[in-house]
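In my numbering, the protein residues as written are 13 to 180.
Below is one structure; the comments refer to it alone.
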């Protein structure tokens, strides 16, 4: 009998993630100089949520505005629990989804960097842009904004550091 366990590949932080961790920690120490024992946050870019958090925290550590945006609708549960004639409890009815309030295809992160609007779409693994996201990208770029797709923190880090040369 052989075991067929799937082994996950071990996550190894890139140099960009390590540099961001150090930078965010130094900024935290500067911001709260009287706090005696600052805690160094641990970051990774091995999930979509972790990558999003790292990008937002890095932008904020550089003293720019960044916020996570979600345009998901809300589930409304219209079901009821009823008791039938035999005393058994039953769930009847169903739920519905209400539409989100934002624009379809909106980017995951909205930020302002050097007085310019920047929309960042996080795409992790095999994730690809939807048709609505492509239309949103065209709209932002036609409006004079910057729209970038981030697959790894290293890509974002290199783009962010190149802003000095490009003068975004």
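Where is the CB? At the ideal position from N, CA and C, for every residue including glycine.
Under the DSSP assignment, residue 24 falls outside any beta strand (DSSP E); it carries neither an H nor an E label.
Taking 8 Å as the cut-off, the Cβ atoms of residue 59 and residue 86 do not count as close.
Contact between residue 157 and residue 129 holds: CB atoms are separated by about 4 Å, below the 8 Å threshold.
With respect to the 8 Å criterion, residue 55 and residue 32 are classified as neighbours on the basis of their beta carbons. Between residue 78 and residue 121, the gap from beta carbon to beta carbon is short of 8 Å.
Within the same chain, 50 come within 7 Å of residue 44 by CB-CB distance, once the 5 residues on both sides are set aside. If you check the CB distance, residue 147 and residue 117 come in under 8 Å. Inter-residue distance for residue 84 and residue 114 is about 8 Å (C-alpha atoms, whole angstroms). Checking the DSSP bridge columns, you'll see residue 99 has no partner listed. The shortest C-alpha to C-alpha distance from residue 64 to any of 134, 154 and 149 is the one to 134.
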